[in-house]
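Colleague: In the numbering used here, the protein residues as written are 1142 to 1926.
From the three backbone atoms N, C-alpha and C, an ideal C-beta is built for every residue, glycine too.
Keep in mind the model is a prediction, meaning the values are calculated, not measured.
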Amino acid sequence: MLTIAEVSGLIAAAVVIVQYVLPAAIAVILVKYVGKENTAVTWSVVNRYISNTIWPHILRADAVSSRHVSTSTSVLTWTSTIGAAMLILASVLAPLGLSEKIQPGASRLVEFEYIKDPTPWGRVTMPRPNLKFARYCEVGLAINCPGQYQGTYMNETEPGRFISVETDESSTINTTIPRNYTVMFRSATSDQGNTISGLFDMQFRRWRIDRVGSIDKGQPWVKGESREIESLIPRDTILLKEGLIVDMRENPGIGFRNHTVPVGLEYGGLWSEDITWIEPVTQCADTNISADLRIETSVNSFGENETVTLIDRGAFIDLHNSDIESRPWVDNQTLDLFAHAHKAARMHNVLVASSLGISLPLNTSTKILPPRPVGTGFFSTSRFNDNHAQMLTATEQICEGLYRVSTLGTDNRAANITNPAIKCGTMLGAPRITTNQSLAASTFTGVETSRKNVYICATAYKASIKTVNFRYNGTGGDFTNLEVLNIAPKTYPNDAAKPLWAVEHSFDRVMRFDPLWGLVNDSYETTLGFHTLRSESLWLPTGPGASGGFGELEGYDSVAASGGFLKRLGNLYRQMSLRSRDYSGSQEFALSERWSRLSSTQTTASHIPSLILTDGLAAGLVGTKTSFSSKYVEWPAMLAVDDNTRGFAQNKVQVYKRVIQYDIRYAIPSFVVLALLLAALAGAFISSIIAPTIVGTMQRMYNQTSAGRLITSLLQPGRSDPTQSSDAWVNDEGKLRLAFGRITSPEDDYFCRIVDKSSDVESKTEGINETTKAERGHLLTGSAQ
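#1: Between which residues of its own chain and THR1786 is the CB-CB distance below 7 angstroms, once the five residues before and five after are set aside?
#2: What number of angstroms, rounded off, separates the C-alpha of THR1144 from the C-alpha of GLY1409?
#3: Exposed or buried, what is LEU1856 when buried is set at 16 or more other beta-carbons lying within 10 Å of its beta-carbon?
#4: What is the residue span of the beta strand (DSSP E) that GLN1344 lies within?
#5: Run through DSSP, which three-state label would PRO1750 get?
#6: Would the beta-carbon of GLU1775 fall within 9 angstroms of that of THR1316?
#7: Which residue wins for smallest C-alpha separation from ILE1398, given the options GLY1339, ILE1152, GLU1369 and GLU1437?
#8: From ASP1477, GLN1474, GLU1466 and SER1506, pick the residue whose C-alpha is nearest to that of VAL1491; which is it?
#9: Take every Cβ of the region 1703 to 1713, pair it with every Cβ of the region 1724 to 1738, and state whether three or more of those distances are shorter than 8 angstroms.
#10: With GLY1696 and GLY1365 assumed to form a contact (beta carbons below 8 angstroms), what rounded beta-carbon distance in angstroms separates them?
#11: Relative to the C-alpha of THR1668, which residue among LEU1641, ARG1468 and ASP1427 is closest?
#12: Work out the CA separation of VAL1609 and LYS1766 for me, nearest whole Å.
#13: Please give the ranges of any alpha helix (DSSP H) in the region 1321 to 1387, keeping only runs that are unbroken, at least 4 residues long and fully inside the region.
#14: Name the one or two DSSP bridge partners that HIS1672 has.
#15: Note the first and the last residue of the continuous beta strand (DSSP E) segment covering SER1605.
#16: If we require 3 or more residues per run, which beta strand (DSSP E) segments fall completely within the region 1457 to 1518?
#17: Tell me whether the beta-carbon of GLU1645 lies closer than 9 angstroms to the beta-carbon of PRO1682.
#18: Tell me which same chain residues have a C-beta within less than 8 angstroms of the C-beta of VAL1175, skipping the five on either side of it?
#19: Starting from GLU1391 and walking both ways along the beta strand (DSSP E), at which residues does that stretch end?
#20: In the DSSP assignment, the beta strand (DSSP E) including GLU1437 goes from what residue to what residue?
#21: In chain order, what residues of the same chain have a beta carbon less than 6 angstroms from the beta carbon of GLU1369, not counting five sequence neighbours either side?
#22: Taking the DSSP output, what are the residues bridged to GLN1865?
#23: For VAL1651, which of helix, strand or coil comes out of DSSP?
#24: Quick check: ILE1628 and TRP1412, are their CB atoms within less than 9 angstroms of each other?
#25: Shortest alpha-carbon distance to VAL1763 belongs to which of PHE1345, ARG1189, ALA1154 and SER1232?
#26: According to the neighbour-count rule (16 or more other Cβ atoms, all chains shown, within 10 Å of its Cβ), is VAL1796 buried or exposed?
#27: Grouping DSSP H, G and I as helix and E and B as strand, with all else coil, what is CYS1540?
#28: Under a three-way DSSP split, which group does ILE1830 fall into?
#29: In chain order, what residues of the same chain have a beta carbon less than 8 angstroms from the beta carbon of SER1431, not counting five sequence neighbours either side?
#30: Quick one: using the 10 Å Cβ neighbour count with 16 as the cut-off for buried, is LYS1631 buried or exposed?
#31: Classify LYS1382 as buried or exposed, calling it buried when 16 or more other Cβ atoms lie within 10 Å of its own Cβ.
#32: Which partner residues of PHE1769 appear in the DSSP bridge assignment?
#33: For ASN1296, which residues of its own chain have a beta-carbon under 7 angstroms away from its beta-carbon, when the five flanking residues on both sides are left out?
#34: To the nearest angstrom, report how far apart GLY1923 and ALA1880 are at their CA atoms.
#35: Residue range of the beta strand (DSSP E) that GLU1307 falls in?
#36: How many whole angstroms separate the CB atoms of ILE1606 and ASP1804, which I take to be in contact at a CB cut-off of 8 angstroms?
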């Protein structure tokens, strides 16, 4: 499609063509009807008209000759010709440099409005219920959460058996979050226009109501519910979904934002917001063990024969049985996930060597072991004997930092900020997909082979604040016009400006609850029952939810910021829930294609668990805070968001404006013409200063060399006055009729003559003597003298 500049250039070209073609065409008509006999002034006009067209150049007439012409005349006339040509070029090219662009202008405060996601993500998101946040603690033991004692305690009736005891009629398990907790976790995020999400701004996308007699005196309470929507993993980009910013690129994560867009802007605008960001971080270590899968189609039956071969790629080099030992981790909030994964990988390889009967350390001359056929279930804990299976589980627990576990394998550590939630597991990479494989029957062998690398991975959550740059194109509240341009960590001028994170702890007691965490203001830095950390980010603390339970994907209550993250992390490396999505890629080519690209190295393979977690979190959670939120979280904290649908955001918007731009390169011919013009004007000015009468001289020169006056002067010598004014000459000799004999008939015997029949003219013509005739013979008769 043509641009406005290109259309303007075409119009200019058309105008130039018409400017030259129209006079040339009229000149042809003029010559047709002017004949060979006209008044002297008519011949001057005809000569002037034809001279102003392109015909003299086309016909190479006398007036355009460059031979026997004075140097000054030749230079100046050629300069004029070049200038005319450049002017034509400039008139066509100059408009092409014009362009129209929509670009950011000045920043100003703009009103925003909420927009709903029109896709299934918006439809599957349930309205916020007008019920309080409910928190349920002491998993497996019905007792109140910290800060909310209401006369219920646990009584151990026999070893390992507890029952709930109510001290009076008012006793109950109160799920209400205490007032002081509510005020604390709203303190850093509830000021007007604050776009950072706090504890109460992260909710479950879907919910359901439950009722238990011993909880809240049998009153209904809300708990999260999980529902898969669509797989986002094949989409390697930043996505906007109802209540979330979802980054599915190399470092996946989600940001909490109830989407709003500026209103009343003609072209849209740019702005940035600080967003609470949760990033699943994974580091994988290559075990240097691969599984070669060979599937052979049987000719004699409809079955397939599968064989699995273990390929050693240096897994047992410098490996000792002592690698199974490990000291407690002390990295805490300086988490080194790769160290966890690498240690677990070496422990894993010791167990594999033991299962295969390989003596460690290897002989110094042995580097790589030959391929070994193993069963199809070798890479599962069920393949190992009980001792080895327990050791593999212990390897995962050591990787996760679980040095104190119960008889059921649950974490017996205390809940605090120094125990981040880590989940470790074995991951079998995807085979390389060949998209250009031959489909010819002649190449079919009935054998399909693939190789999968074995990785040990460690995953944790990192919370931070990121600055997100938004762009909104157009108007009308269209969700599809909103996009994210860039996501970057928020920068701070000094350490004191960094956010303060608070994490609930259980003192020295075994954790029985998923700890609350979030941003708080400085006044809560030493609050009893909480650990605080001033840092750019926080590794989320672990809790009972990280054990995975029985495959649940949501928490036991409605506090999504704790259980909503831990449950999915706990089930990352073991898909126990029948409702969980199939992430193997066996049923979805786009998914298996991305897995195949990422499975080649331990660095890229680390993205796979993080992508799976991000995909699940996006389906399960939603942000409720808008860019213009102005309501404080009251007590008791409610799930319903009592806020306006419009308001002014705290951040200013760079409003898009329409700008006309010009590419100076297209103006080069114009500059040449301008230079010629300035030079000509300067020369004319200097000439007029040197010769003040030059204008009169030019008038006389032009009149005396015009065709009509020149002919009448030659045919009537002595009678014509060369200096006669134009008006006087037109009314006098200009009326004489002149005939050019050889215009239409080159063989005529005369060149030019006066055909006026007045007696005065005839007498004057007869009075021309023979000598004068001889001198003018070549003009009058056209004969050579």
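Modeller: For this structure:
#1: Your numbering for residue 1786 matches position 645 in the sequence shown. The answer, listed in chain order, is GLU1254 and TYR1255.
#2: As a working mapping, residue 1144 is identified with position 3 in the sequence shown. As a working mapping, residue 1409 is identified with position 268 in the sequence shown. Rounded to whole angstroms, THR1144 to GLY1409 spans 22 angstroms at the Cα level.
#3: If you number the sequence shown from 1, residue 1856 lands on position 715. Buried is the call here.
#4: Counting from 1 along the sequence shown, the entry for residue 1344 is found at position 203. Counting along the chain, the beta strand (DSSP E) containing GLN1344 begins and ends at 1343 to 1345.
#5: Taking the first residue of the sequence shown as position 1, residue 1750 is located at position 609. Residue state, collapsed to three classes: helix.
#6: Locating residue 1775 in the sequence shown gives position 634, counting from the first residue. Locating residue 1316 in the sequence shown gives position 175, counting from the first residue. Going by C-beta atoms, GLU1775 is not nearer than 9 angstroms to THR1316.
#7: Along the sequence shown, one-based indexing puts residue 1398 at 257. Here the sequence assigns Arg to residue 1398, which means Ile is not the residue at that position. The candidate whose alpha carbon is nearest that of ARG1398 is GLY1339.
#8: Here the question's residue 1491 lines up with position 350 in the sequence shown. Comparing Cα-Cα distances from VAL1491 to each of ASP1477, GLN1474, GLU1466 and SER1506, the minimum goes to GLU1466.
#9: no
#10: Position 555 of the sequence shown holds residue 1696. Position 224 of the sequence shown holds residue 1365. GLY1696 to GLY1365, Cβ: 5 angstroms. Contact.
#11: Within the sequence shown, numbered from 1, the residue matching residue 1668 stands at position 527. Closest option to THR1668, Cα to Cα, is LEU1641.
#12: Translated into the one-based positions of the sequence shown, residue 1766 becomes position 625. Translated into the one-based positions of the sequence shown, residue 1609 becomes position 468. Rounded to the nearest angstrom, the two C-alpha atoms are 15 angstroms apart.
#13: none
#14: The residue given as residue 1672 occupies position 531 in the sequence shown. The partner list for HIS1672 (beta bridge, DSSP) reads VAL1644.
#15: Within the sequence shown, the letter at position 464 stands for residue 1605. Taken as a continuous stretch (DSSP letters only), the beta strand (DSSP E) holding SER1605 covers 1588 to 1614.
#16: You should have 1513 to 1515.
#17: Residue 1645 sits at position 504 when you count from the first residue of the sequence shown. Residue 1682 sits at position 541 when you count from the first residue of the sequence shown. Yes, these two residues count as a Cβ contact at 9 angstroms.
#18: Here residue 1175 refers to the residue found at position 34 when the sequence shown is read from its first residue. Closer than 8 angstroms at the Cβ level, and outside the excluded window around VAL1175, lie THR1183 and VAL1187.
#19: Reading the sequence shown from its first residue, position 250 is the one you call residue 1391. Looking at the DSSP string, GLU1391 is not in any beta strand (DSSP E), and its letter there is neither H nor E.
#20: Position 296 of the sequence shown, counted from the start, is the residue given in the question as residue 1437. Residues 1409 to 1438.
#21: Within the sequence shown, numbered from 1, the residue matching residue 1369 stands at position 228. So the qualifying residues of the chain are ARG1722 and ALA1760.
#22: By 1-based counting over the sequence shown, the position of residue 1865 is 724. Bridge partners of GLN1865: none, in fact.
#23: Start at 1 with the first residue of the sequence shown, and residue 1651 comes out as number 510. VAL1651 falls in the coil class under three-state DSSP.
#24: The residue given as residue 1628 occupies position 487 in the sequence shown. The residue given as residue 1412 occupies position 271 in the sequence shown. No, the pair does not count as a contact, with Cβ atoms beyond the cut-off.
#25: Position 622 of the sequence shown, counted from the start, is the residue given in the question as residue 1763. In terms of CA proximity to VAL1763, PHE1345 leads the group PHE1345, ARG1189, ALA1154 and SER1232.
#26: Counting from one through the sequence shown, the residue named residue 1796 turns up at place 655. Per the 10 Å Cβ criterion, buried.
#27: By 1-based counting over the sequence shown, the position of residue 1540 is 399. The three-state reading of DSSP puts CYS1540 in helix, counting H, G and I together.
#28: Within the sequence shown, numbered from 1, the residue matching residue 1830 stands at position 689. Looking at ILE1830 - three-state DSSP - the assignment turns out to be helix.
#29: Locating residue 1431 in the sequence shown gives position 290, where the first residue counts as 1. Only LEU1451, ILE1452, ARG1454, ARG1592, LYS1593, ASN1594 and VAL1595 meet the Cβ criterion.
#30: Along the sequence shown, one-based indexing puts residue 1631 at 490. So LYS1631 ends up on the buried side.
#31: As a working note, residue 1382 is residue 241 in the sequence shown. Flag for LYS1382 reads buried.
#32: Translated into positions along the sequence shown, residue 1769 becomes position 628. PHE1769 is not bridged to any residue.
#33: Along the sequence shown, read from residue 1 onward, the residue named residue 1296 stands at position 155. PHE1303, ILE1304 and VAL1306.
#34: Translated into positions along the sequence shown, residue 1923 becomes position 782. Translated into positions along the sequence shown, residue 1880 becomes position 739. For GLY1923, the predicted structure reports a pLDDT of 43, less than 50, and the residue's modelled location is therefore unreliable. A value from the coordinates is still provided. Answer to the nearest angstrom: the Cα atoms are 13 angstroms apart.
#35: The residue you call residue 1307 lines up with position 166 of the sequence shown. Segment 1302 to 1307, the beta strand (DSSP E) holding GLU1307.
#36: As a working mapping, residue 1606 is identified with position 465 in the sequence shown. As a working mapping, residue 1804 is identified with position 663 in the sequence shown. That belief does not hold up - the Cβ atoms of ILE1606 and ASP1804 are roughly 42 angstroms apart, past 8 angstroms.
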